[in-house]
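2 protein chains.
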Amino acid sequence: MPYVVDTEALVKRYLDTVATGTSADVAALYSEDATLEDPVGGGEVHIGRQAIQRFYTALDAAELSTELLSFRSGGHEAAFAFGITVGGAMRIEPIEVMTFDRDGLITSMKAYWSQADVTML
Amino acid sequence: MPYVVDTEALVKRYLDTVATGTSADVAALYSEDATLEDPVGGGEVHIGRQAIQRFYTALDAAELSTELLSFRSGGHEAAFAFGITVGGAMRIEPIEVMTFDRDGLITSMKAYWSQADVTML
Numbered sequence: 001m002p003y004v005v006d007t008e009a010l011v012k013r014y015l016d017t018v019a020t021g022t023s024a025d026v027a028a029l030y031s032e033d034a035t036l037e038d039p040v041g042g043g044e045v046h047i048g049r050q051a052i053q054r055f056y057t058a059l060d061a062a063e064l065s066t067e068l069l070s071f072r073s074g075g076h077e078a079a080f081a082f083g084i085t086v087g088g089a090m091r092i093e094p095i096e097v098m099t100f101d102r103d104g105l106i107t108s109m110k111a112y113w114s115q116a117d118v119t120m121l
Numbered sequence: 001m002p003y004v005v006d007t008e009a010l011v012k013r014y015l016d017t018v019a020t021g022t023s024a025d026v027a028a029l030y031s032e033d034a035t036l037e038d039p040v041g042g043g044e045v046h047i048g049r050q051a052i053q054r055f056y057t058a059l060d061a062a063e064l065s066t067e068l069l070s071f072r073s074g075g076h077e078a079a080f081a082f083g084i085t086v087g088g089a090m091r092i093e094p095i096e097v098m099t100f101d102r103d104g105l106i107t108s109m110k111a112y113w114s115q116a117d118v119t120m121l
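Here the protein sequences line up with chains B and R, keeping their order. Going by UniProt numbering, the residue at position 116 of the first sequence is 116; the numbering climbs one at a time, nothing skipped. Going by UniProt numbering, the residue at position 107 of the second sequence is 107; the numbering climbs one at a time, nothing skipped.
Encoded structure:
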């Protein structure tokens, strides 16, 4: 059955949660069997909400801010560019692609970025 | 076996070929069994080089220019934003995601955009 989700609102909620929430809060935005690859090409895909929470744990100690730079919808998928500033010292500007289930949970996330997209502030 | 391809050069070649080549030229950049979804969420996936050439045939009659706006590498994948101007009358700014094989051929392309990303000039 086709379904409609407001992917732009879901992406904004994700970026807000990355900035202000805990790793558990961010992991709760993912479906139980979601996959996460960040960076794409890095050779590691995190599978399942528990592994995804572990991935975000590194962010728990850091002061983070996020900014949506551009957004493209694609049905229940989306691609977007954003900036993330870590500890006021480093800014990364990835492009991410996400897919969402009918409940608005993230079923897959892929983050495209490399050292070329990292700026020391 | 892992492999390395210069995805930024391949993306630039693709955008140049879309602007100046024929549908056959663009299709030749794809692998025999490649898939193309444009726009993502549109409900149609074109499978195979012949179907992909048919998809690009609509562009054969149009005056096109393309401009790479931002590029993110991800191993043998890439995500990028670009502008495409059609007949000097319409500009679309999609985000595309591509995967490449070891020969540098495109094995999958997904284009994320909607009416919100179309400007009449």
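From the three backbone atoms N, C-alpha and C, an ideal C-beta is built for every residue, glycine too. Bear in mind that the values here come from a model prediction, so they are computed numbers and not experimental data.
9 angstroms Cβ cut-off: residues of chain B touching residue i
i	result
G77(R)	Reading the sequence as shown, one finds Glu at residue 77(R) and not Gly. Neighbours of E77(R) on chain B, chain order: V40, G41, K110, Y112.
Beta-carbon neighbours of residue i, restricted to chain B and to distances below 8 angstroms
i	result
D117(R)	R72
Amino acids of chain R, ordered along the chain, whose beta-carbon sits closer than 7 angstroms to that of residue i
i	result
I95(B)	R72, A79, I95
For residue i: DSSP bridge partner residues
i	result
A79(B)	R72(B), V97(B)
A111(B)	E96(B)
R91(R)	T85(R), T119(R)
S65(B)	T85(B)
F36(B)	The question names Phe, but residue 36(B) is Leu in the sequence shown. DSSP lists H46(B), M109(B) as partners of L36(B).
Y30(R)	I106(R)
Distance CB(residue i)-CB(residue j) smaller than 8 angstroms
i	j	result
E96(R)	M109(R)	yes
F71(B)	L10(B)	no
S31(B)	I106(B)	yes
residue 157(B)	L64(B)	The displayed coordinates of chain B run from 1 to 121. Any statement about residue 157(B) would go beyond what the structure contains.
G74(R)	E77(B)	no
D33(B)	G21(B)	no
Straight-line gap, residue i to residue j (C-alpha atoms, nearest Å)
i	j	result
L29(R)	D25(B)	42 angstroms
A62(B)	A81(R)	29 angstroms
G43(B)	L15(B)	24 angstroms
A89(R)	V118(R)	11 angstroms
A19(B)	P39(B)	19 angstroms
Y112(B)	A27(B)	19 angstroms
I52(R)	P2(B)	25 angstroms
Supposed close pair residue i, residue j - CB separation, criterion 8 angstroms
i	j	result
L36(R)	H46(R)	4 angstroms
G104(R)	V5(R)	5 angstroms
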